[in-house]
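Engineer: Residue numbers (UniProt numbering), protein chains in the order written: chain A, 1 to 399; chain B, 1 to 399. In this text, a Cβ means the ideal position worked out from N, Cα and C, and glycines have one as well. All of these numbers come straight from a predicted model, not from anything done at the bench. Quick one: the structure is below, and I'll ask about it shortly.
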């Protein structure tokens, strides 16, 4: 199998949606695709066999977390990430840039790279474009990302340009550094530019023309209203080459994947489906339900009629409700499987609709039916998660 | 399939060990057997398919916990415990007596039954021998136990006799009450008598001669030194009928199952294998290891060479170590599967050794090789767990 090949199987004429096939050393990916996130070399509470059964074709793992624990040299010694976590399909690793950016006052940026303190023990680490290539080579993932800078929302146009240009310089260095390591790995470029339409288009043109076989769009879904994220894509997609797969980093919810596909995105990753599942939020075609709610206490049917996931085939909603109410670990698994399966079925439906030409109808019907979590709920959730992270960082910075 | 049938397939001449077959409405059980415990209608973190794959033939569930959440009438409405928890093999439910006894100052005993306050919300509940039969009929388990009194350790001979005699009277009432419900359920008798050899023998004779198709030995493993537990069995087993299966309630560790088998026990249940797994204690043929220990950080091989459990077939000890160090939920599953598989393989080895006549050699070799947790470690663990429970009860009693 070649290291990497992207083929466009169909395009949706009225939109920018496409259906494609990506070949990697560990198997084929059909796009559009949702990639479950296995931050610490495990998709929380779900086994590799269950991911396969839910339709997963590629998963994502986090370089930042794995470089700290258990460390990339150890993973290398143990045969690489695939062997380590018992997942023989494709793996994409991010660069760690986003997490380093999230550390706030625990990190320092220079032209050379980023110095940061571990959120675990306060120990100091340095990430440079070259070092990230080395770490990802040790991890042995199929698709790797270069170190980038993710600007905060909001930020000034000057800051946005500075971060983008620095990212571009780092990406050039990453391309050079990558040559030292595994030819079977594929380095994607990252498009930045914050929320400046011109910068987004400029970044897409520049990075799109560099010899990256695929492109990730970074710096979105960082707190901005959703409409602003879509507006950025409207400037990015037309500036990108047609023949490279496009990955929308860290996005998203079911409705995001449906909309993002129409705006030309092929690959999506997000912790949201598994994170909200752990808090009781389960996807149905009408929106998210809270399985903790008393209305599920006596429901003999599945979470969603017609769903063929492992959970819905074998357990009543009442049982799943019982498990979360009694804080049983099996709940986290059953809930996560349901949501991952939902996302992957949605990706297959999107692909089928693009191939048979009905994507715009599918999108409009889905969005008419599916009630997303409100902006207010999203903001509240984000603030809660940010506060939890800030508390953790404060503890570290006192060390 | 008949509701219940016990056949002795082989006996070990120099000991009291036997290999048997139990038929139940939900399948066959080969004895000696270890029964994983699914307190709240789930064996913590393990799926029914994984229990099957680990060799489980019967599981135990707790009446006390299920009557409080989600309630036995609801489980009945939803098709019974088997459907509710998606386990189609045999299920044994205890009577709730042990848990009520554990509540200490939250419960009151009378001739009629036990009144207790829920550890969850302080609400008052009454358990009588008749009520327990009704609850277990609603749960729909295959083997059910009658309400009994589990004396504390230590207790006076007078208290021991009183509790035993009350238990006997309750068991007679349970036999009568059971007639009102499901004929396909099998009611075991419970032998009590605390730590008085004469009472133990008396209880075994009386309950053994009542029309119970099987017998559970209760009130042991409640804090006494192990030798004292075995001493009680030396008085109980000879007084029991040969043709009824014998269940040693709440026991035990690997070495307990090996020794108990030689003392005539056929069935064992205990949370220990899954509980210690959750804290990092994993079984090997040389004793328990702590997978959290730094020595596993780089081990590319499995937890135990030659183990064919799902965990050992697919994951390095280093990965399992990484999961517990990062507090990943998948750890609890992989650790529990390993220990359950260990217990069930041990049960199969015991059975094979009884059938081929080598049980005494197998026992002696196992005990020579396997280093059990010391009495001190056991006592410390127990005190920790008791303290945690006491704190919970104190909160309730203030309500």
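Looking at the unbroken alpha helix (DSSP H) that takes in residue 166/B, where does it start and where does it end?
Structural biologist: First-last of the alpha helix (DSSP H) with residue 166/B: 157-178.
Engineer: Return helix, strand or coil for residue 397/A, following the three-state DSSP convention.
Structural biologist: The predicted model places residue 397/A with a pLDDT of 48, which falls under 50 and marks its position as unreliable; any figure quoted below should be read in that light. Residue 397/A falls in the helix class under three-state DSSP.
Engineer: Cutting at 7 Å between CB atoms, please list the residues of its own chain near residue 312/B, excluding the five before and the five after it.
Structural biologist: Around residue 312/B: 302, 303, 304, 338.
Engineer: Kindly indicate the opening and closing residues of the beta strand (DSSP E) around residue 6/A.
Structural biologist: Taken as a continuous stretch (DSSP letters only), the beta strand (DSSP E) holding residue 6/A covers 5-11.
Engineer: Any idea if residue 399/B is buried or exposed, counting beta-carbon neighbours within 10 angstroms, 16 or more meaning buried?
Structural biologist: Per-residue confidence for residue 399/B stands at a pLDDT of 41, beneath the threshold of 50, marking its modelled position as unreliable; no derived number is given.
Engineer: Taking 9 Å as the CB-CB limit, is residue 332/A close to chain B?
Structural biologist: Yes, residue 332/A lies at the interface with chain B (some Cβ there is under 9 Å from its Cβ).
Engineer: Should residue 160/B go down as buried or exposed, given a rule of 16 or more other Cβ atoms within 10 Å for buried?
Structural biologist: Label assigned to residue 160/B: buried.
Engineer: Which value, in whole angstroms, describes the spacing of the CA atoms of residue 209/A and residue 14/A?
Structural biologist: About 26 Å.
Engineer: What do you reckon, are the CB atoms on residue 237/B and residue 363/B nearer than 9 Å?
Structural biologist: Going by C-beta atoms, residue 237/B is not nearer than 9 Å to residue 363/B.
Engineer: Less than 9 Å between the C-beta atoms of residue 319/B and residue 41/A, yes or no?
Structural biologist: Yes.
Engineer: Determine the direct distance from the alpha carbon of residue 39/A to that of residue 105/A, and round the result to whole angstroms.
Structural biologist: Distance between the alpha carbons of residue 105/A and residue 39/A is about 22 Å.
Engineer: With residue 335/B and residue 272/B assumed to form a contact (beta carbons below 8 Å), what rounded beta-carbon distance in angstroms separates them?
Structural biologist: Actually they are not in contact, since the Cβ atoms of residue 335/B and residue 272/B sit about 13 Å apart, beyond 8 Å.
Engineer: Do you know offhand how far residue 310/A's Cα is from residue 45/B's?
Structural biologist: Near 15 Å, if we compare the C-alpha coordinates of residue 45/B and residue 310/A.
Engineer: According to the neighbour-count rule (16 or more other Cβ atoms, all chains shown, within 10 Å of its Cβ), is residue 64/A buried or exposed?
Structural biologist: Buried is the call here.
Engineer: Check whether the Cβ atoms of residue 53/B and residue 78/A lie closer than 9 Å to each other.
Structural biologist: No. Outside cutoff.
Engineer: Report the option in 288/A, 285/A, 317/A whose CA atom is closest to the CA atom of residue 295/A.
Structural biologist: Among 288/A, 285/A, 317/A, the Cα nearest to that of residue 295/A is on 317/A.
Engineer: Below 9 Å between beta carbons: does that hold for residue 277/B and residue 239/B?
Structural biologist: Not a contact, by the Cβ cut-off of 9 Å.
Engineer: Hey, is the region 141-152 of chain A in contact with the region 189-198 of chain A, meaning 3+ C-beta pairs nearer than 8 Å?
Structural biologist: Contact holds: three or more Cβ-Cβ distances are below 8 Å.
Engineer: State the DSSP-derived secondary structure class of residue 365/B, mapped to helix, strand or coil.
Structural biologist: Of the three classes helix, strand and coil, the one that applies to residue 365/B here is helix, per DSSP.
Engineer: Going by alpha carbons, who is nearest to residue 342/B out of 133/B, 219/B, 306/B?
Structural biologist: Residue 306/B is the option with its Cα nearest to residue 342/B.
Engineer: Given that residue 209/B touches chain A, what residues does it touch there, using C-beta distances under 9 Å?
Structural biologist: Result: empty, since nearest Cβ-Cβ is about 40 Å, beyond 9 Å.
Engineer: Are the beta-carbon atoms of residue 55/A and residue 345/A separated by less than 9 Å?
Structural biologist: Taking 9 Å as the Cβ cut-off, residue 55/A and residue 345/A qualify as a contacting pair.
Engineer: Only counting the same chain, and skipping five residues up and downstream in sequence, which positions put a Cβ closer than 7 Å to that of residue 135/A?
Structural biologist: 63, 67, 72, listed in sequence order.
Engineer: Tell me where the beta strand (DSSP E) around residue 27/B begins and ends.
Structural biologist: Element bounds for residue 27/B: 27-31.
Engineer: Can you tell me which of 158/A, 181/A, 114/A puts its alpha carbon nearest to the alpha carbon of residue 138/A?
Structural biologist: Residue 138/A has its Cα closest to that of 181/A, out of 158/A, 181/A, 114/A.
Engineer: Rounded to whole angstroms, what is the Cα-Cα separation between residue 17/B and residue 358/B?
Structural biologist: Cα-Cα distance, rounded: 11 Å.
Engineer: Closer than 7 Å by beta-carbon distance: list the chain B residues that pair up with residue 328/A, in chain order.
Structural biologist: Under the 7 Å cutoff, chain B gives 40, 42, 44.
Engineer: Going along the chain, which residues of its own chain have a beta-carbon closer than 6 Å to the beta-carbon of residue 347/B, five neighbours each way excluded?
Structural biologist: The answer, listed in chain order, is 32, 33, 34.
Engineer: State the Cα-Cα distance for the pair residue 110/A and residue 284/A, rounded to the nearest angstrom.
Structural biologist: Whole-angstrom Cα-Cα distance: 46 Å.
Engineer: Using the C-alpha atoms, what's the distance from residue 11/A back to residue 353/A?
Structural biologist: Approximately 10 Å, taken between the alpha carbons.
Engineer: Given that residue 67/A touches chain B, what residues does it touch there, using C-beta distances under 9 Å?
Structural biologist: Going along chain B, no residue has its Cβ under 9 Å from residue 67/A, so there is no contact; the nearest lies around 13 Å.
Engineer: Mind checking if residue 319/A is an interface residue toward chain B, Cβ cutoff 9 Å exclusive?
Structural biologist: By this cut-off, residue 319/A is an interface position.
Engineer: Could you tell me which of 326/A, 370/A, 201/A sits nearest to residue 255/A, measuring between CA atoms?
Structural biologist: Nearest of 326/A, 370/A, 201/A to residue 255/A, Cα basis: 370/A.
Engineer: Starting from residue 49/B and walking both ways along the alpha helix (DSSP H), at which residues does that stretch end?
Structural biologist: Note, residue 49/B: alpha helix (DSSP H), 48-53.
Engineer: If we cut at 9 Å on Cβ distances, does residue 79/B have a partner in chain A?
Structural biologist: Yes, residue 79/B counts as interfacial toward chain A.
Engineer: Would a check of beta-carbon distances place residue 314/B closer than 9 Å to chain A?
Structural biologist: Output row for residue 314/B: interface = yes.
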